[in-house]
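Note that the protein sequences, when read in sequence, are chains Z and P. Numbering of the first sequence is given in this note's numbering, commencing with residue 893 and proceeding in unit increments. Numbering of the second sequence is given in this note's numbering, commencing with residue 893 and proceeding in unit increments.
2 protein chains.
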Amino acid sequence: MEQKTGKQSIQFAQAPYIISAASVAGKKEGEGPLGKLFDLVCNDDRFGEDNWEKAESTMQNEALSAAIAKAKIQKSNVRYLFGGDLLGQLIATSFGLENFDIPLFGLYGACSTCGESLSLAAMTVSAGYADYAAAVTSSHFGSAEKQFRFPLAYGNQKPLSATWTVTGSGAFIVSNKRGNARITGITTGKVVDFGVKDSMNMGACMAPAACDTIYQNLMDFCRSPEDYDQIITGDLGYVGQEILIELMKDRGFDISKQHMDCGIEIFDRDVQDTHSGGSGCGCSAVTLAAKILPNIEKGAWKRILFVPTGALLSTVSFNEGQSVPGIAHGVVIEHC
Amino acid sequence: MEQKTGKQSIQFAQAPYIISAASVAGKKEGEGPLGKLFDLVCNDDRFGEDNWEKAESTMQNEALSAAIAKAKIQKSNVRYLFGGDLLGQLIATSFGLENFDIPLFGLYGACSTCGESLSLAAMTVSAGYADYAAAVTSSHFGSAEKQFRFPLAYGNQKPLSATWTVTGSGAFIVSNKRGNARITGITTGKVVDFGVKDSMNMGACMAPAACDTIYQNLMDFCRSPEDYDQIITGDLGYVGQEILIELMKDRGFDISKQHMDCGIEIFDRDVQDTHSGGSGCGCSAVTLAAKILPNIEKGAWKRILFVPTGALLSTVSFNEGQSVPGIAHGVVIEHC
C-alpha cells in the first residue's frame, strides 16, 4: 500500500499507537489551568540539581521513566529514543537520557521538536524497525531565558507579544501494541521564512509555518477543518493564533472553531502574567500528555491535528541580522 | 521479514542506495590529501558571505544542489531532508536549506550527525515513505572555534591532542533507485560517557562511543572485523584511534588492520599543522563523498562500516563541570 500522501504527508498503512504518556512540569505550570493534570509538578525549579540545565535533564529523565512505567514495559524494551530540547548541543537530552542506555536520535526543531520526535517514532514503529520507541522533549524557563534572551537577574521587561517558556518535559511511548490513541498520519514541515526579525514575538515568526503545514495537511489528506475535532498548535500564543487564523482564511479555510493552542491552554494570562502565552518544546509536549491525549483516549475527540511550532531563533544568527524562520510538524492522532 | 537485528541494529529488507554524493570544502581542506577529490573547493573561507555562519549555510546549499544535480533529479523529487550541523539551533542547516522548499528533519548528533542523517534517510526510503531522501551535514572551522573555544583573533595555542574542525559539507541522495553503493544496515549509537572532561581532546571523549557502536555492530550482525574491508570512524584523530584500537582489543577484537579515520585522512599532519587530525560533522561527510563512496562504487571495497563519531560538547555544560559524552552511529555500506 502506498503510504506517501500528497506532497508532504504519510498515511500509515500500519498506524502505530501512543500507548503511554507522561508529563513533568514546574511550579508555575502547576499553578496554571492544567496543573492538576500533570503527572509530576516540582516546586523547586532546579529539581534538586544545582543549575537549570541539569534540572531540565532531570525532567526528561523523570518523564521518560514515568512513561515507561505507565506502558508496563522495561526500558530495555524501548529500541530507540527520539529526543530533543532547545539548548545548544541538546545538553538537556544527552545528559538526561544517557543512563537509559538506549540508542538515541538527537533532534532539533526548536519548539516543534515534540512533533518531529513523534513523527520519526511513528515512522520507525510502523515500518517494523521497533516494537517500542520513545519521544521525549523538554524546555525550561531558566535555561531558555539565559540562552536566548537576558540573564534572569537582569529583570528585563517583556513586550506583550512575548511568550513564557514552559518548564516541563513530556515523554511518549509509541508502539505497535494496541492503545486507545493512534498516529494515523504525519505532515512534515518545511522551513518557512517570512523575514520576521522580532525575537520577542515568536508567535509571528511561527504562524506562517503553522499555516503552511496545516494547509498542506488538509490538501494531502483531502480534508477540511471540520474533519478534525481540534487543530492544535504548539505555542503560537494569543498573537500567533490571530495571525494563523487570518493566514488560513487567506488560503480559503476558517479554522477558528477548531483551533486550540497549547501555549494559550497552559497558563492563565490574567492571573499568571504570561503575556502572549506559553512556549518551548515542553509546552506542546506536556499539554499533549496531560490534556489532549486523555481526551482522545476517552473518545471525546475522535481525530485531531497536533502541530507543534518552532521558531528557529539563535542569538548568533539574530545578532548577525538574520530573520527568525519557523517550522511546524503535523501529527494526526485518532481515537481507537 | 524481521529487520531488527540484535540489540541496536537494523538489517534492511529493502536496502536503499546512495545514488549520489557531493562534497564542498574550504581552502585548507583543498590543500590536503583529498583536495583533488572534492567537488568544490572555495579559497574564500566566507564563501562570498559576510560571516562564517552564512558561509556554512552556503556550503550546505552548494553541496545539496550538486548532489541533486548528480542524481539527475529535480529538487521537488526529494521528499525529505535530514540535516544538521554543530551550531546552536542548527542555523547553518535551517538557513542553508530553506530555499529548497523540502520538508526538513533537523538533527543533532555533534560530529556523528552524518551517520544519524544517513541512518534516518535509509530507514525512510527502505520503508517506502520516500523515493528520494537527502542527508546533509556541515561544519566550519571559524564558526566552530567561535562557538566552542576561543575567538580566532585571540590566537590561542592548542595541545597536540586537539583536532582541527573541517570546513566542509557533504550531501547524499538516498533512494530506492539502483546505484552502486547500498546501505544494507545500521547500528544506532547510545550516549557513552566515560567522564572525560578535556574539551581539547575530543578523540578521547569519542573513542568509547565508537568502540561501543563497532562492538555492537559486530555482535548484532554476527561479524568479525575481517568481514569489513574498512571500519571507518569520523574524527577520532591520531589520539582517539589509538584509544579505540586498545578498547576494541579489550573487548576481544583487533581492528588495527581495518581501521581508518576520516580525521586522519583529510589533513597531512606534518605539513598542515593539524595536530591530532580533522573533526566536525563536515569531516566524515566530505571524506565519505570524496574518497570512501568512490572506492565502494568501483568495488575496491566490498563492504565497509562507516561510524561518524560525535562529542556532545557544549560550553554551557562544560563550564558547569559536566563531562563530554560521546555518541557514534554506524552505517554499513556495500558495493553492488
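Glycine is no exception: its CB is placed at the ideal position from the N, C-alpha and C atoms. All of these numbers come straight from a predicted model, not from anything done at the bench.
Relative to the alpha-carbon of residue i, which residue among the options has its alpha-carbon at the smallest distance?
i               : options                              : result
Q1039 (chain Z) : P:G980, P:P1217 and P:N1048          : P:G980
G1081 (chain Z) : P:G1087, P:I994 and P:S1171          : P:I994
F992 (chain Z)  : Z:G1020, Z:V1028 and Z:L1012         : Z:V1028
S1061 (chain Z) : Z:I1075, Z:K946 and Z:L1204          : Z:K946
F1086 (chain P) : P:K1069, P:K1050, P:E894 and P:L1139 : P:L1139
A913 (chain Z)  : Z:G1071, Z:V1163 and Z:E1118         : Z:G1071
G1020 (chain P) : Z:T1207, Z:S1209 and Z:Q895          : Z:Q895
S1009 (chain Z) : Z:G1174, Z:L1110 and Z:C1114         : Z:G1174
D1146 (chain P) : P:A1045, P:S1116 and P:M1111         : P:S1116
A984 (chain P)  : Z:V1223, Z:A1013 and Z:Q1214         : Z:Q1214
N1109 (chain P) : P:E948, P:D977, P:G1126 and P:F1198  : P:F1198
A1102 (chain Z) : Z:C1114, Z:G998, Z:K920 and Z:T1079  : Z:T1079
F1064 (chain Z) : Z:F1113, Z:M1111 and Z:L1012         : Z:L1012
T1125 (chain P) : P:V1088, P:S1148 and P:D931          : P:S1148
A917 (chain P)  : P:S1031, P:N1187 and P:G1202         : P:S1031
H1221 (chain P) : P:Y1046, P:L989, P:G1007 and P:D1023 : P:G1007
Q903 (chain Z)  : Z:L973, Z:D1127 and Z:C1114          : Z:C1114
H1151 (chain P) : P:E1037, P:T1207 and P:D1119         : P:D1119
I1292 (chain P) : P:L1205, P:R1195 and P:K964          : The structure shown does not extend to residue 1292 (chain P), since chain P is modelled only from 893 through 1228, so no value can be given for it.
From which residue to which residue does the beta strand (DSSP E) around residue i run?
i               : result
I1225 (chain Z) : G1222 to H1227
V1066 (chain Z) : G1060 to S1067
V916 (chain Z)  : Y909 to A917
I1196 (chain Z) : R1195 to V1199
Who pairs with residue i in a beta bridge, going by DSSP?
i               : result
Y1021 (chain Z) : Answer is none; Y1021 (chain Z) lacks a bridge partner.
K896 (chain P)  : P:I902
R1041 (chain Z) : Its beta-bridge partners do not exist; DSSP assigns none.
Q952 (chain P)  : Answer is none; Q952 (chain P) lacks a bridge partner.
H1151 (chain Z) : Z:I1123
T1079 (chain P) : P:S901 and P:G1222
A1027 (chain Z) : Z:F974 and Z:F1064
G1202 (chain Z) : Z:I1219
Using a Cβ-Cβ cut-off of 9 Å, state whether residue i counts as contacting chain Z.
i               : result
L1044 (chain P) : no
R1041 (chain P) : no
P1100 (chain P) : no
A1096 (chain P) : no
F1086 (chain P) : no
D1160 (chain P) : no
G1083 (chain P) : Inspection of the sequence shows that residue 1083 (chain P) is occupied by Val rather than by Gly. Chain Z contact via Cβ: present.
L1205 (chain P) : yes
A947 (chain P)  : no
Q900 (chain P)  : yes
V1208 (chain P) : yes
Tell me which residue opens and which closes the alpha helix (DSSP H) that residue i is part of.
i               : result
T1105 (chain Z) : M1094 to D1112
V1163 (chain P) : R1161 to Q1164
T1207 (chain Z) : T1207 to N1211
G940 (chain Z)  : Here G940 (chain Z) belongs to no alpha helix (DSSP H), and DSSP marks it neither H nor E.
L973 (chain Z)  : No alpha helix (DSSP H) holds L973 (chain Z); the beta strand (DSSP E) holding it covers Y972 to G976.
G998 (chain Z)  : Note, G998 (chain Z): premise wrong, no alpha helix (DSSP H); beta strand (DSSP E) at L996 to G998.
F987 (chain Z)  : I983 to L989
V1131 (chain Z) : G1129 to D1142
V1216 (chain Z) : V1216 (chain Z) -> no alpha helix (DSSP H), and no H or E assigned at all.
T1179 (chain Z) : C1173 to T1179
P1186 (chain P) : L1185 to E1189
Nearest-angstrom Cα distance between residue i and residue j?
i               : j               : result
I1219 (chain Z) : G1095 (chain Z) : 12 Å
S1053 (chain P) : H1167 (chain P) : 7 Å
K967 (chain Z)  : P1217 (chain Z) : 37 Å
N1248 (chain P) : F1042 (chain P) : Examination of residue 1248 (chain P) is not possible in this model, given that chain P is present from 893 through 1228 alone.
A955 (chain P)  : A961 (chain Z)  : 45 Å
I1225 (chain Z) : E1189 (chain Z) : 10 Å
A1182 (chain P) : V1058 (chain P) : 14 Å
K1050 (chain P) : W1056 (chain P) : 10 Å
L986 (chain Z)  : G1144 (chain Z) : Residue identity check: residue 986 (chain Z) is Ser in the sequence provided, not Leu. One C-alpha to the other measures close to 43 Å.
N1093 (chain Z) : V1131 (chain Z) : 8 Å
S1236 (chain Z) : S915 (chain Z)  : Here chain Z covers residues 893 to 1228 and nothing more, so residue 1236 (chain Z) does not appear.
I1229 (chain P) : W1193 (chain P) : Since the displayed chain P opens at 893 and closes at 1228, residue 1229 (chain P) lies outside it and no answer follows.
D1112 (chain Z) : G1155 (chain Z) : 27 Å
G1191 (chain Z) : N1068 (chain Z) : 20 Å
If you measure from the beta carbon of residue i to each beta carbon in chain P, is any gap under 9 Å?
i               : result
G1129 (chain Z) : no
R938 (chain Z)  : no
E894 (chain Z)  : yes
I1075 (chain Z) : no
N943 (chain Z)  : yes
E1008 (chain Z) : yes
Taking only heavy atoms of the ligand PLP into account, decide whether any of them is closer than 8 Å to the Cβ of residue i.
i               : result
E1118 (chain P) : Judged by which ligands are present, the structure shown has none, so any question about the ligand PLP falls away.
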